[in-house]
Structure formats: C-alpha cells, structure tokens
Amino acid sequence: MLNNMREKIQYEVILTSKGLSKTKFRIDLLRLFCNSKKSLLVDDIIVFFGNMINKVTVYRALEDFENKGLIHKVPDKKNRKRFSLCDFDECSQNSHIHNHSHFICDICNTTFCIDDIIPPTISNIKGYHIKQSSLILEGYCEECNSTN
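See the structure below:
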C-alpha cells in the first residue's frame, strides 16, 4: 500500500513539474507509459482502460503530454499514431531531444525505442536547415524472433 502511495506521488510530481493537472486518468496514463517496454497506440490505451475512457479525453491527454515533453511520437509502418515516453530531463515544452533509434518489428509492427544505438549527428548541409533526424531499424523483435 505504501509503495502504491509513493508511486502515485511520484507521478503527481512529474505532472505538476510539467504544468499538467493531476487527474486520476493522467496519473494512470503516465503510469502506463512508465511501465511499458514498447510504444503505445491510442487503441492500446483505450483497451487498457477497458473502454471506460472517452477517445477525446485520450487524445487531449496525449496531446498535452507530448506538448509538455512527457511523450513523443514514434514511427509506425502503417502510419498510425504511436507514442513512447520521453527522457524527462532532456525533453521540455519547447524541445524534444531524442538521441536514440527506433526499431519496428516486421511481424507485430510494434515500435521500440532503442537507447543503445545512437543515431549519427548530422550537421547542417549548406543551404538546408535540419530540424530533426532519425534512425529507424526494422526486423524481428525479441518476442517475434523467438516464436519464428
């Protein structure tokens, strides 16, 4: 019971530090992202909450989380919106800094953030201003690789 209380307070502190309201749903949503080893689709979130939460509420919370530097969009082969947790120390309301690669599984189409592989730093090319670069890896995730 005490650990649950400490965990809840930790999530409340994170939300407060980002200027977000501490609703039960937002605390539970942040907990879901913190405990997830993979990116989440909106549908994953709705299924997790058992359709007890309105889609509009989910989208608003995701937009607020992204705008405040808690989560970021990750690539998806089917162009669906996927989100992963940000590094709270590096991302902010004004800037998302993601110095990691993304891995997309060819079988389950899940996207994972891979912190061990850092994309190369690309300096500006004459006449161009690079705002963002990424490294996307594709293949079989651990789970799909072990079943094939």
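Heads up: the sequence shown begins at 564 in this note's numbering, then just goes up one per residue.
Where a beta carbon is used, it is the ideal one built from N, C-alpha and C, also for glycine.
Note that the structure is a prediction, hence the values are computed from the model and not measured.
Whole-angstrom C-beta distance between residue j and residue i, which should lie under 8 Å
{"i": "S517", "j": "I667", "result": "The chain is shown only over 564 to 711; residue 517 falls outside these bounds and no answer can be derived."}
{"i": "L604", "j": "R643", "result": "6 Å"}
{"i": "H665", "j": "I681", "result": "The Cβ separation is near 12 Å, so there is no contact."}
{"i": "K641", "j": "N672", "result": "6 Å"}
Pick from the options that is closest to residue i, judged by C-alpha positions
{"i": "H686", "options": "S696, N642, V605, S580", "result": "Per the sequence shown, residue 686 should be read as Ser rather than His. Closest option to S686, Cα to Cα, is S696."}
{"i": "S580", "options": "I688, T684, G632", "result": "G632"}
{"i": "D679", "options": "G690, H692, K689, L698", "result": "L698"}
Beta carbon of residue i nearer than 8 Å to that of residue j
{"i": "K585", "j": "L595", "result": "no"}
{"i": "F675", "j": "S602", "result": "yes"}
{"i": "L583", "j": "D650", "result": "no"}
{"i": "V619", "j": "I608", "result": "no"}
{"i": "E706", "j": "D669", "result": "no"}
Helix, strand or coil at residue i according to DSSP, with G and I counted as helix
{"i": "S664", "result": "strand"}
{"i": "T579", "result": "helix"}
{"i": "L698", "result": "coil"}
{"i": "I572", "result": "helix"}
{"i": "K587", "result": "helix"}
{"i": "L648", "result": "strand"}
{"i": "S599", "result": "coil"}
{"i": "F675", "result": "strand"}
{"i": "I634", "result": "strand"}
{"i": "L565", "result": "Note on L565: pLDDT 43, under 50, position unreliable in the model; the coordinate value appears next. Correct three-state label for L565: helix."}
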